[in-house]
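The numbering of the sequence shown is our numbering, which starts it at 24 and goes up by one.
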Amino acid sequence: MWVNQEQHPMHSYAQNQYVLYDRLIHEFKAFLEERLMRIEQEAGHALQQVNAGISGSGLSDEEISEHLQVYTAQGKMSEVDTCCICLGEYEKKEKMGRLECGHRFHAECIKRWLLSKNVCPMCMSTALTV
Ligand SMILES: [Zn+2]
Ligand SMILES: [Zn+2]
């Protein structure tokens, strides 16, 4: 090395740029984290309101497991639609739940839904007669 790196002006310039860049990334990350926190708070608040509005008309765990028709999805060829609760596609061998109206959802999604409301999220008819 023909020059002492500690005293080379180009080196400290690059280092300053790096520090600046690093700080920008940190500020951007903090900004995103703050936004995300606020979105989560708002979503949590909205969910609380929804739950408060529909509380008292759900089923118990026992009633759901006793009356919900659960079966296994046979694959995408026969299960081409998506679950309207989580908007996810039905994957092969996934547990499905069918309501009395004939509408079907992921078993886990519809179980969670039925805990707060005994109504089909698609057609609003009574989900399960208990
Ligand atoms: Zn789902
Ligand atoms: Zn339905």
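Ideal Cβ placement from N, Cα and C applies to all residues, glycine included.
Self-check item: Cut-off 6 Å between Cβ atoms - residues of its own chain near Cys132, not counting five sequence neighbours on either side
Solution: Position 109 of the sequence shown, counted from the first residue, corresponds to residue 132. For Cys132, where only same-chain residues beyond five positions count, the Cβ hits under 6 Å are Cys106, Ile108 and Cys109.
Excluding sequence positions up to five away, which residues of its chain have a Cβ less than 6 Å from the Cβ of Leu122? In the sequence shown, residue 122 corresponds to position 99, counting from 1. The answer, listed in chain order, is Cys143 and Ala150.
Q. How far does the beta strand (DSSP E) with His129 in it reach, from first residue to last?
A. Stepping through the sequence shown from its first residue, residue 129 is reached at position 106. Note, His129: beta strand (DSSP E), Arg127 to His129.
Bridge-paired residues (DSSP) for Ser22: With the chain covering only 24 through 153, there is no way to say anything about residue 22.
| task | Using DSSP bridges, identify the partner residues of Val93. | result | Counted from its first residue, the sequence shown places residue 93 at position 70. Answer is Gly120.
Original post:
Once you ignore the five residues that flank Leu43 on each side, which residues in its own chain have a CB closer than 7 Å to its CB?
Top reply: On the sequence shown, position 20 is the one that residue 43 refers to. Same-chain partners within the cutoff: there are none.
(Q) Let me make sure I understand the geometry here. Which of Met147, Glu117 and Leu82 has the alpha-carbon closest to that of Thr95? (A) The sequence position of residue 95 within the sequence shown is 72, counting from 1. Residue Glu117 is the option with its Cα nearest to Thr95.
Check: Tell me the DSSP bridge mates of Glu112?
Finding: In the sequence shown, the residue the question calls residue 112 occupies position 89. DSSP lists Thr105 as partners of Glu112.
message = Going by beta-carbon coordinates alone, are His129 and Cys146 separated by less than 8 Å?
response = Stepping through the sequence shown from its first residue, residue 129 is reached at position 106. Stepping through the sequence shown from its first residue, residue 146 is reached at position 123. No; because the gap between Cβ atoms is not below 8 Å, this pair is not in contact.
Checklist entry - Taking C-alpha atoms, which residue in His68, Glu57, Ile48 and Gly81 lies nearest to Trp136? => result Numbered from 1 along the sequence shown, position 113 holds the residue referred to as residue 136. Selected option, being the one with the closest Cα: Gly81.
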